[in-house]
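Asks: Numbering (UniProt numbering), first residue to last: 1 to 155. Every residue gets a Cβ at the ideal spot worked out from N, C-alpha and C, and that includes glycine. If you scroll down you'll find the structure; I have some questions about it.
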């Protein structure tokens, strides 16, 4: 199974300039708009931020997984971003992040393969060595390969 149906190098930004959670989500959304995955930026941001209010999406391993279903998503996709500085993500839980993986899920997603790929990305992050690689790797192609290797390993 090939992760490239939901993640490609154009959706990876390793030099994000965002200083806060909302700016980070918007910066990654811009990537998804540019490649046609998201067709209505404002609606998508509203849907993601509504989901963010429901519970924490940042984790102690410096990775955040903001996500949501939206009719503004043309096709399910991921965007990955990394900053050189910590961003306070879920302040009430004391969580700071440096890597953000934004899940854009089409509201009426019927493609089980895409949803399985997204689940594999999440399960891959349970491996400490994978999260360490994500926080250090400087080549977007290698980041895609990290997830492809893990997806193949899980099958």
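Taking a contact to mean a Cβ-Cβ separation below 8 angstroms, would you say residue 83 touches residue 18 in this structure?
Replies: The residue labelled residue 83 in the question sits at position 83 within the chain shown. The residue labelled residue 18 in the question sits at position 18 within the chain shown. In contact: residue 83 and residue 18 (Cβ atoms closer than 8 angstroms).
Asks: According to DSSP, what are the bridge partners of residue 96?
Replies: The count along the chain shown starts at 1 and reaches residue 96 at position 96. BP columns for residue 96 point to 88.
Asks: Using 10 angstroms around the beta-carbon of residue 132, count the other beta-carbons present and answer buried if the total reaches 16, otherwise exposed.
Replies: For the purposes of this step, residue 132 is identified with residue 132 of the chain shown, where counting begins at 1. Residue 132 comes out exposed.
Asks: Using three-state DSSP, classify residue 145 as helix, strand or coil.
Replies: Within the chain shown, numbered from 1, the residue matching residue 145 stands at position 145. Helix at residue 145.
Asks: Where does residue 38 sit, in a helix, a strand or coil, going by DSSP?
Replies: Locating residue 38 in the chain shown gives position 38, where the first residue counts as 1. In the structure shown, residue 38 sits in a strand (DSSP, three-state: E or B).
Asks: What three-state label does DSSP hand residue 27 in the structure shown?
Replies: As a working note, residue 27 is residue 27 in the chain shown. DSSP places residue 27 in helix when its eight states are reduced to three.
Asks: Could you pull the start and end residues of the alpha helix (DSSP H) that residue 128 belongs to?
Replies: By one-based count along the chain shown, residue 128 stands at place 128. Unbroken alpha helix (DSSP H) run through residue 128: 128 to 136.
Asks: Output yes or no for whether 8 angstroms exceeds the beta carbon distance between residue 70 and residue 107.
Replies: Working through the chain shown from its first residue, we reach residue 70 at position 70. Working through the chain shown from its first residue, we reach residue 107 at position 107. Yes, the Cβ-Cβ distance between residue 70 and residue 107 is below 8 angstroms.
Asks: At which residues does the beta strand (DSSP E) containing residue 70 begin and terminate?
Replies: Here residue 70 refers to the residue found at position 70 of the chain shown. Looking at the DSSP string, the run of the beta strand (DSSP E) that includes residue 70 is 67 to 70.
Asks: Exposed or buried, which one is residue 11 when buried takes at least 16 other CB atoms within 10 Å?
Replies: Working through the chain shown from its first residue, we reach residue 11 at position 11. So residue 11 ends up on the buried side.
Asks: Looking only at C-alpha atoms, which of 58, 25, 54 sits nearest to residue 42?
Replies: By 1-based counting over the chain shown, the position of residue 42 is 42. Looking at the Cα atoms, 25 is the closest of the given residues.
Asks: From the DSSP output, which residues share a beta bridge with residue 77?
Replies: Position 77 of the chain shown, counting from 1, holds the residue named residue 77. Per DSSP, 104.
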